[in-house]
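Notes to accompany the following structure.
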């Protein structure tokens, strides 16, 4: 008789290095170099003629779903979006190549951050084979060249531990705050308005938003309001007013996402007054994202669409993007790919 072992070895991780986390020179070095890895311009206005902001959000949502499905490290998705934004800031790109570019950026980010990186073949499957492995490998060299091989970009995740260790928080609360902050960072990465923000500001604003949101239900910090913002701003040498504005934008993006989701679901259990709380984001534990804390409205509508879709040809075992992203409208094409290109171009790739 054969026995089937279903146990899975946990991912081996290095222990935290106190020399890195408790030396302020590391934080100062991160603050010094972080702006080197930001997009150089708002590329929708001066570089890209064929790509629109909603297309970036669409591809970002797909990339987020792939990273979640593959249980990638938290840093992979924001790093991949950094590559994508930096490339688009310098290279005019047709919309037909946007999903290919997103796949290449995930490919590179996973190589840098994952023990077992994503394979070209697997990423092609996630595009429903609308791109070929050889095409992805060729574009990998193109992206590397345009980024000048500068892949070790500073991301908001690099600041999280440095910020948390300087906060007067109970140690048992840090894990929850960390998860919420990671969720907000993923949320920011999907929205282009945050693309040119310094990573330190996004990280600091995410930690602040996480603490404020959690304080609705439990005491997670002895600091509140302006005192918390002042301390966070001091840690990362951020202007207080800029930090407040960033945190408010994070909360607004989350609030809009949850309100849109509830409207789509017809959920009247919470009124707008209950959702609109000026001092905090909404209850960030309402939804689950990436196995963490929340789930974006687009990701929720995506899953709901898949479960309800009755289109005659939505039988592919990957992701029927046409039906999910058009949300009940007639598919643009009658192709069997249902990849993002079908939506962006109106033609089968």
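Numbering (the UniProt record's numbering), first residue to last: 1 to 349.
We treat Cβ as the ideally placed atom computed from N, Cα and C, and that holds for glycine.
Simplified DSSP assignment, three categories, for residue i
| i | result |
| --- | --- |
| residue 22 | coil |
| residue 114 | coil |
| residue 78 | helix |
| residue 145 | helix |
| residue 320 | Legend: pLDDT at residue 320 = 40, less than 50; position of this residue unreliable, no value from coordinates given. |
| residue 155 | coil |
| residue 72 | coil |
| residue 119 | coil |
| residue 14 | coil |
| residue 259 | helix |
| residue 150 | coil |
| residue 95 | helix |
| residue 103 | helix |
| residue 88 | helix |
| residue 268 | Caution is warranted here: a pLDDT of 47 is assigned to residue 268, below 50, making its placement in the model unreliable, and no coordinate value can be reported. |
Pair within 8 Å by beta-carbon distance, residue i and residue j
| i | j | result |
| --- | --- | --- |
| residue 38 | residue 201 | no |
| residue 43 | residue 89 | yes |
| residue 155 | residue 82 | yes |
| residue 166 | residue 250 | no |
| residue 98 | residue 55 | yes |
| residue 27 | residue 162 | yes |
| residue 194 | residue 30 | no |
| residue 208 | residue 228 | yes |
| residue 351 | residue 231 | In this structure the chain extends from 1 to 349, so residue 351 is not present and cannot be described. |
| residue 94 | residue 192 | no |
| residue 74 | residue 199 | no |
| residue 87 | residue 101 | yes |
| residue 76 | residue 114 | yes |
8 Å contact criterion, which residue i and residue j should meet: CB distance rounded
| i | j | result |
| --- | --- | --- |
| residue 130 | residue 118 | Not quite, the Cβ-Cβ distance comes to about 17 Å (not below 8 Å), so this is no contact. |
| residue 123 | residue 112 | That belief does not hold up - the Cβ atoms of residue 123 and residue 112 are roughly 15 Å apart, past 8 Å. |
| residue 204 | residue 151 | Contact doesn't hold; Cβ gap of about 24 Å is too wide. |
| residue 92 | residue 49 | 6 Å |
| residue 233 | residue 239 | 7 Å |
Host alpha helix (DSSP H) of residue i (start-end)
| i | result |
| --- | --- |
| residue 130 | No alpha helix (DSSP H) holds residue 130; DSSP gives it neither H nor E. |
| residue 234 | 225 to 235 |
| residue 208 | 199 to 214 |
| residue 173 | 171 to 190 |
| residue 165 | It is not in any alpha helix (DSSP H) - residue 165 carries neither H nor E in the DSSP assignment. |
| residue 45 | 43 to 46 |
| residue 64 | 53 to 69 |
> Quick check: the segment 65 to 79 against the segment 133 to 149, are there 3 or more CB pairs under 8 Å?
Replying inline: The segment 65 to 79 is not in contact with the segment 133 to 149.
> Does the pairing of the segment 92 to 112 with the segment 54 to 69 give three or more beta-carbon distances under 8 Å?
Replying inline: The segment 92 to 112 vs the segment 54 to 69: in contact.
> Quick check: the segment 203 to 217 against the segment 168 to 187, are there 3 or more CB pairs under 8 Å?
Replying inline: At 8 Å Cβ cutoff, the stretches touch.
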